[in-house]
Ligand SMILES: [Zn+2]
């Protein structure tokens, strides 16, 4: 698969409808064949030009005004404050955190007596972090390839699968949703209990697209298995692999990763985008988010300022039948449950028990760690906090592979070699959630 490379100028000149259609690939590969072909592409011997590829990728980041820094921090309160100062925290140890910060946020660090342990330009960090490079990562689905895959599933399963958009992004891309339901299609209401699987709120977290997308492939391929058939007959299942396609496409423009996290809405002063997972109306911008438009953790000018979060909001509010949700992110190998925006537990003790039971059940299947989201740090404006508070949905944030820290490599770009295990483990976790979607509270009664 070859990435669709479009310059932003070209993008801007396209009408929104240009994103709406395409010629779908033939649905010829089975789930196993597809995963195998993605893995074998990864196992191909590295091209001899790899050093050139590294230096080209690094050169592309040379002018990037951001740094990778490691800062002393040993409590969740300290980590929350760092997020508010604009640091996107990516790795956490008991005594320090590492992540990405814009150089314009650095003066605040110097005046607020933060102890910076190390700092380097993002381009320099990229040398050590890349396990793989865009040309070798071509098996990851870009926006058009994701659409083609979903469309092929719809064409091959016209009786139970339907594809529709929940809205358009700032740059006019459709936010595609594949629905699997034996009795209702498109936006027609259903009273069956609903489950939602979402990827790529954050642009550079490309593995978070593969996991829900390939779960859709698996689910439809196994549609005649007794248990899967029961899910399709009795549940209302939605798969939205790319909530932030503008950011995800921008991240791979020119075939070089840009370490982009946010949306791409113009914010003035040459700044673009808001942090979509700080933009929901749940204690918006009160903790763990930045007011600086250049920061990776920028909460946006207002709650739901971004068309992408508004599309999710309207999608959820229109479907009172939704019961469960997973929002996939990378990385750290965690399964997080509310609150993310407050240190306290959610007030309903029974619901808390449901969250813990389900998170631990899915943790056993993936090897990830289940915990309350704010045990890491508090971050308001989070999609899962909002979905639970607004609609009572049992909503989980998954931080996929790698685990991070020393001995781990890849950060946001772990290479295509991690796809197969991540997808297989997460198919099991997603099935576990579907098993508990008709009556999530039953999980806590056992
Ligand atoms: Zn994320």
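In this note's numbering, the protein residues as written are 1 to 446.
The beta carbon of each residue, even a glycine, is placed where N, CA and C say it ideally should be.
Computed from a predicted structure; not experimentally measured.
- Residue 329 is bridged by DSSP to 399.
- Per the coordinates, the alpha-carbon of residue 80 lies some 10 Å from the alpha-carbon of residue 286.
- Using a C-beta cut-off of 8 Å, the stretch 244-257 makes contact with the stretch 163-173, since at least three inter-stretch Cβ pairs fall below that distance.
- When the five nearest sequence neighbours on each side are left out, the beta carbons in the same chain lying within less than 6 Å of the beta carbon of residue 428 are those of 365, in order along the chain.
- Fewer than three beta-carbon pairs drawn from the stretch 352-360 and the stretch 216-232 are found closer than 8 Å, and the two stretches are therefore not classed as touching.
- Relative to the Cα of residue 402, the nearest Cα in the group 224, 108, 422, 377 belongs to 422.
- Here the alpha carbon of residue 290 sits roughly 18 Å from the alpha carbon of residue 70.
- Taking the CA atoms as reference points, residue 273 sits about 15 Å from residue 101.
- The residue among 218, 439, 198 with its C-alpha nearest the C-alpha of residue 245 is 198.
- Approximately 6 Å separates the beta-carbon atoms of residue 243 and residue 312; this is inside 8 Å, confirming the contact.
- Within the same chain, 293, 294 come within 7 Å of residue 271 by CB-CB distance, once the 5 residues on both sides are set aside.
- Rounded to the nearest whole angstrom, the C-alpha separation of residue 77 and residue 179 is 40 Å.
- Here the stretch 257-264 makes no contact with the stretch 335-353; the two share fewer than three CB pairs at distances below 8 Å.
- Boundaries for residue 192: no alpha helix (DSSP H) harbours it, and the DSSP string shows neither H nor E there.
- Counting along the chain, residue 245 sits inside no beta strand (DSSP E); it lies in the alpha helix (DSSP H) bounded by residues 245-251.
- Counting the other Cβ atoms within 10 Å of the Cβ of residue 75 gives fewer than 16, which makes it exposed.
- The straight-line gap separating the alpha-carbon atoms of residue 441 and residue 280 is approximately 25 Å.
- Using a 10 angstroms sphere on the CB of residue 62, the tally of other CB atoms stays under 16, which defines it as exposed.
- Only buried fits residue 393, as 16 or more other CB atoms lie within 10 angstroms of its CB.
- The straight-line gap separating the alpha-carbon atoms of residue 40 and residue 212 is approximately 21 Å.
- Between the stretch 374-389 and the stretch 306-326, the count of C-beta pairs closer than 8 Å reaches three or more; the two stretches touch.
- Residue 396 sits close to residue 335, with the two beta carbons spaced by under 7 Å.
- The C-beta separation of residue 139 from residue 416 comes to about 5 Å, placing the pair in contact by the 8 Å criterion.
- Here the alpha carbon of residue 189 sits roughly 11 Å from the alpha carbon of residue 322.
- Checking the 6 Å criterion, the Cβ of residue 91 is out of range of every heavy atom belonging to ligand 1.
- Under the 10 Å beta carbon count, residue 200 is surrounded by 16 or more other beta carbons and is classified as buried.
- DSSP, read as helix, strand or coil, puts residue 85 in coil.
- DSSP, reduced to helix, strand and coil, places residue 198 within a strand of the structure shown.
- Of all alpha-carbon atoms in 105, 308, 253, the one lying nearest the alpha-carbon of residue 168 is that of 308.
- Between the C-alpha atoms of residue 136 and residue 414 there is a straight-line separation of about 11 Å.
- If you check the CB distance, residue 359 and residue 337 come in under 7 Å.
- The DSSP assignment places complete alpha helix (DSSP H) segments of no fewer than 4 residues inside the stretch 105-132 at 106-111, 122-129, in order along the chain.
- In the three-state reduction of the DSSP assignment, residue 168 falls in the strand class.
- With a 10 Å radius around the Cβ and a threshold of 16 neighbouring Cβ atoms, residue 155 comes out exposed.
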